[in-house]
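Worksheet: the structure to be examined is printed underneath.
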Amino acid sequence: MLKIILPTIMLLPTALLSPPKFLWTNTTLYSLLIAALSLQWLIPTYYPYKFLSNWTGIDQISSPLLVLSCWLLPLMIMASQNHLQQEPLPRKRIFISTLITVQPFILLAFSTTELALFYISFEATLIPTLILITRWGNQPERLSAGIYLLFYTLVSSLPLLITIMHLYVKIGTLHLPTLELTHPTLSTSWTGMLSGLALLMAFMVKAPLYGLHLWLPKAHVEAPIAGSMLLAALLLKLGGYGIMRVTLLMGPLSNLLHYPFLTLALWGALMTSSICLRQTDLKSLIAYSSVSHMGLVIAAGMIQTHWSFSGAMILMISHGLTSSMLFCLANTNYERTHSRILLLTRGLQPLLPLMATWWLLANLTNMALPPTTNLMAELTIMVTLFNWSAFTIILTGIATLLTASYTLFMLLMTQRGPIPSHITSIQNSTTREHLLMTLHIIPMFLLILKPELISGIPS
């Protein structure tokens with residue numbers, strides 16, 4: 001574990017001390033090297049925990065998420081190059097080091113075996129994200145977006161801290177493998193119910209559950225491209241991962257807790273998909289689509305079967321890559337037309353034909369076309385939900401239909417139609433952008449060949 005965390009921390013002096021000419025090359029190549037090293041975590045093993053130390057251990061649930069977070073750091077650095085070109089050198093260095101600072105915290109949060117350390121790193125990821133949004137956002141509204149993010153996260157996660165302390169007092173340890181072996185301490189009493197609610201609430205806000213999701217579209221729309229990628233691909237997954245970890249500890253809690261979350265998650269998938277059909281803002285549309293996808297993850301995490309966990313796991317990984325790619329594409333449009341409004345960025349296919357190919361690929365993966373892991377995940381989750389209660393097929397079916405329709409709506413609005421009169425000349429797409437899209441899409445096509453790597457089932 002340290003052999004990844006230490007190089008990641010040593011990326012900081014690399015970013016701060018590299019000569020100006022090699023700043024981007026050094027940081028990108030170094031982080032790509034770390035990403036390549038992190039692939040060793042995917043090696044299957046018969047042990048429940050790999051690379052176990054006192055504080056960290058990697059099991060089947062956390063290893064795909066860890067590799068994903070290592071993989072996205074170079075991509076975020078590559079995506080941010082263009083909009084930082086005009087900035088002075090010290091500011092570039094600070095931006096890259098903010099991105100790098102998030103990384104060790106995310107790695108710790110995913111790999112820790114201690115609930116207290118998990119809470120600390122879970123909260124610490126908030127600070128660099130906040131800096132990214134409030135300093136490098138595009139519009140003055142970024143301050144209100146930052147305040148939304150801060151208060152939603154803080155209000156929801158303070159009860160989590162109190163419950164963790166309460167658990168510690170009752171059991172005497174917060175070590176996750178030990179907690180899984182003890183009897184469920186949260187009984188069906190009122191205290192147990194409220195503790196379960198407090199444990200889940202922080203992750204529900206982070207994931208986000210429909211109804212607690214209002215910070216997400218704001219934060220996404222105002223964040224710079226690296227901030228959007230970080231939020232969509234990694235910080236949302238912290239919520240899903242936390243739900244999967246914590247529901248295992250709680251034992252079979254009463255249905256009073258699970259029903260509202262399940263209904264909200266599935267109803268929210270439906271509602272946010274229909275909100276997407278009426279969106280005018282491209283980044284906001286992608287943000288709402290990730291709310292609907294994470295709704296499925298929450299629903300799967302709530303029913304706690306092997307199948308549902310593996311479906312949630314695959315959906316988290318494939319959604320991380322898909323939505324990150326969509327944000328990159330939205331950003332390439334934004335850098336050329338300086339507008340996120342769908343009506344003002346129509347008809348880009350004749351102007352940027354290669355980018356149109358990437359748009360098509362990204363949208364097809366977003367609507368879960370057959371040879372992608374997205375389809376596998378959504379089918380798995382739908383089957384488990386159907387097995388749990390037959391009526392859920394109505395909600396999930398309509399949600400799938402709406403997902404397909406808003407995805408096609410997004411594709412047609414950006415690529416087809418008359419070119420607006422104010423677009424007279426547009427710069428070509430660069431090799432850097434094509435490489436960025438390739439690095440997003442290659443893992444997705446490769447993972448369907450061996451999906452057990454990310455399915456969370458002990459191999």
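With UniProt numbering applied, the sequence shown covers 1 to 459.
Ideal placement from N, C-alpha and C gives every residue a C-beta, glycine not left out.
Touch test, the stretch 238-253 against the stretch 135-155, Cβ-Cβ under 8 Å, three pairs minimum: With the cut-off at 8 Å, the stretch 238-253 and the stretch 135-155 do not touch.
Compare the C-alpha of residue 131 against each of 197, 396 and 96 and name the closest. 96
To the nearest angstrom, how far is it from the Cα of residue 291 to the Cα of residue 13? Approximately 36 Å, taken between the alpha carbons.
Here's the rule: buried if 16 or more other CB atoms are within 10 angstroms of the residue's CB, otherwise exposed. What is residue 462? There is no way to answer for residue 462, as the model of the chain reaches only from 1 to 459.
Rounded straight-line distance, which links the Cα of residue 177 to that of residue 360: Pairing residue 360 with residue 177, the inter-Cα distance amounts to about 44 Å.
Look up residue 482 in the DSSP assignment and give the residues it is bridged to. Shown here, the chain extends from 1 to 459; a query on residue 482 therefore has no answer.
Do the stretch 260-276 and the stretch 397-405 make contact, defined as three or more Cβ pairs closer than 8 Å? yes
Given the structure, does residue 39 come close to the ligand FMN, in the sense that its CB is under 8 Å from one of the ligand's heavy atoms? This structure lacks the ligand FMN, and indeed carries no ligand of any kind.
Go through its chain and collect everything with a Cβ distance to residue 36's Cβ below 7 Å, but skip five positions before and after it. none
What residue does the alpha helix (DSSP H) around residue 319 start on, and which one ends it? 306-337
When you compare the stretch 153-161 with the stretch 193-205, are there three or more beta-carbon pairs, one atom per stretch, that lie closer than 8 Å? yes
Within 9 Å, strictly: CB atoms of residue 407 and residue 367: yes
In three-state DSSP terms, what is residue 422? coil
How about residue 409 and residue 396: do their beta carbons lie closer than 9 Å? No, the Cβ-Cβ distance between residue 409 and residue 396 is not below 9 Å.
Three-state secondary structure assigned by DSSP to residue 450: Shown here, residue 450 sits in coil according to DSSP, grouped into three states, outside any helix or strand.
What number of angstroms, rounded off, separates the C-alpha of residue 350 from the C-alpha of residue 329? Each residue's alpha carbon lies about 16 Å from the other.
Best match in 1, 18 and 69 for proximity to residue 51 [C-alpha to C-alpha]: 1
Ignoring anything shorter than 3 residues, give me the beta strand (DSSP E) runs that lie fully in the stretch 247-298, in order along the chain. none
Member of 168, 66 and 430 whose CA lies at the smallest distance from the CA of residue 234: 66
Ignore the nearest five residues each way along the sequence and tell me which others in residue 393's own chain have a CB closer than 8 Å to its CB. 382, 385 and 386
Pick from 326, 337 and 379 that is closest to residue 310, judged by C-alpha positions: 379
Alpha-carbon to alpha-carbon, residue 222 and residue 280: Straight-line Cα distance between these residues: approximately 15 Å.
Quick one: what's got a C-beta closer than 6 Å to residue 77's C-beta in the same chain, skipping five residues either side? 27 and 28
Rounded straight-line distance, which links the Cα of residue 454 to that of residue 39: 12 Å
Identify, in the order they occur along the chain, each residue of the same chain with its Cβ nearer than 7 Å to the Cβ of residue 121, setting aside the five sequence neighbours on each side. 105, 108, 109 and 112
Per DSSP, which residues does residue 147 bridge with? Please list them. Its beta-bridge partners do not exist; DSSP assigns none.
By the 10 Å Cβ neighbour count, where 16 or more other Cβ atoms means buried, how is residue 433 classified, buried or exposed? buried
Since residue 406 is in the alpha helix (DSSP H), which residue starts that stretch and which ends it? 392-415
Quick one: Cα of residue 244 to Cα of residue 316, how far? 12 Å
Limits of the alpha helix (DSSP H) - the one that residue 1 falls within: Per DSSP, residue 1 belongs to no alpha helix (DSSP H) and is neither H nor E.
Among the residues of its own chain, which have a CB less than 8 Å from the CB of residue 257, if the five just before and after it don't count? 193, 196, 197 and 200
Measure the CB-CB distance between residue 212 and residue 152 and report whether it falls below 9 Å. yes
Rounded to whole angstroms, what's the CA-CA distance from residue 206 to residue 214? Just pull it up for me. 11 Å
Are residue 72 and residue 313 close, meaning C-beta to C-beta below 9 Å? Between residue 72 and residue 313, the gap from beta carbon to beta carbon reaches 9 Å or more.
Of the residues 55, 340, 266 and 440, the one placed nearest residue 283, counting alpha carbons only: 340
To the nearest angstrom, report how far apart residue 459 and residue 365 are at their CA atoms. At residue 459, the pLDDT of 49 sits below 50, so the modelled position is not reliable; the number obtained from the coordinates is stated separately. C-alpha of residue 459 to C-alpha of residue 365: approximately 26 Å in a straight line.
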